[in-house]
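Number 864 in our numbering belongs to position 147 of the sequence shown; there are no gaps in the numbering.
All C-beta atoms, glycine included, are put in the ideal place defined by N, C-alpha and C.
Data block below; observations after.
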Amino acid sequence: MKKIYVAFTGLLFAFLITGSAMAQTIYIKCTDDRDRVLTSGVSPQAGTIFDNGKRVDLKDYMEVSSMQFETEQTLNIGASGSGAGAGKISFGDFSFTKNVDLASTKLLQFQASGILIKTVEIILQGRSGTVEPVVTYKILLGMAGVKGFSASANGDCGGCVEESYTLQYGTLQIFTYAIAPDGRVTQNPSPFGWDRIKNIAF
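Put into structure tokens, the structure is as follows:
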């Protein structure tokens with residue numbers, strides 16, 4: 718029986734807005750099972766951002782330079798009846814890269830101990846018609862564990878160190894946003910949410 722593999726890849730990257738020199742920015746906040754913010758105070762100068770009309774302080778969000786994730790479903794087309802014969806969806810590793818900050822050693826401690834991070838919130842910052850920073854894309858990872866870590870540096874950057882992390886996670890939510898003609902950015906009413914462990918939507 719022939720299997721057809723269908724993959725959905727979510728890739729966020731920095732790009733220029735309307736040809737200007739200002740690139741979109743990616744931020745990540747991590748919270749443990751006691752609702753303590755692991756990334757507390759990492760970006761004291763980051764300011765605020767609007768998420769679906771609510772102002773959010775970015776001081777507890779790490780600024781990251783890149784991130785990538787993917788999901789994959791194995792389909793048996795024609796396996797039975799007229800359906801796709803879907804199996805259980807798999808979540809690929811979530812990876813991101815950032816500079817060293819106050820959260821670096823906390824993330825390493827979670828990797829070493831094997832303790833799960835309750836929530837990882839990823840937001841992509843854009844600009845509305847009023848030039849206010851707004852959230853234009855959001856991801857929530859649940860039951861996340863730090864799987865991998867690597868660091869790199871070169872002599873041309875004056876001692877800067879760049880870190881890369883990979884996470885595995887049990888739940889995934891994706892929120893998309895729409896821009897109205899007047900420039901307002903609002904969250905679309907039907908977010909995606911899936912629990913990979915229970916194999917159910919939520």
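Around the C-beta of Gln842, 16 or more other C-beta atoms lie within 10 Å, and the residue is accordingly described as buried. Residue state for Asp912 is assigned as strand, using DSSP reduced to three classes.
The DSSP-derived three-state label of Thr748 is strand. Between Gln885 and Asp818, the beta carbon gap of about 22 Å keeps them out of contact (Cβ cut-off 8 Å).
Gln785 is positioned such that its CB atom lies no closer than 9 Å to that of Gly804. Assignment of Ala868 by DSSP, reduced to helix, strand and coil, places it in the strand class. Collapsing the DSSP output to three states places Leu825 in a helix. Nearest to Asn905 by alpha-carbon distance, out of Trp911, Arg913, Ile896, Asp912, is Ile896. In the assembly as shown, Cys877 is an exposed residue. Its beta-carbon has fewer than 16 other beta-carbons within 10 Å. Checking the DSSP bridge columns, you'll see Ile743 partnered with Val781, Leu841. Taking Thr742 as the centre and dropping the five residues before and after it, the same chain places the C-beta of Glu780, Gln842 closer than 7 Å to its C-beta, in chain order. Residues Ser881 of the same chain have their beta carbon placed closer than 6 Å to that of Ser867, with the five preceding and five following residues left out of the count. Contact check between the stretch 745 to 761 and the stretch 770 to 780: three or more CB pairs, one atom from each, fall below 8 Å, which counts as touching. When the beta-carbon positions are compared, Val863 and Leu889 stay at least 9 Å from each other.
Under the criterion of beta carbons closer than 8 Å, Thr765 and Leu775 qualify as touching, at roughly 6 Å.
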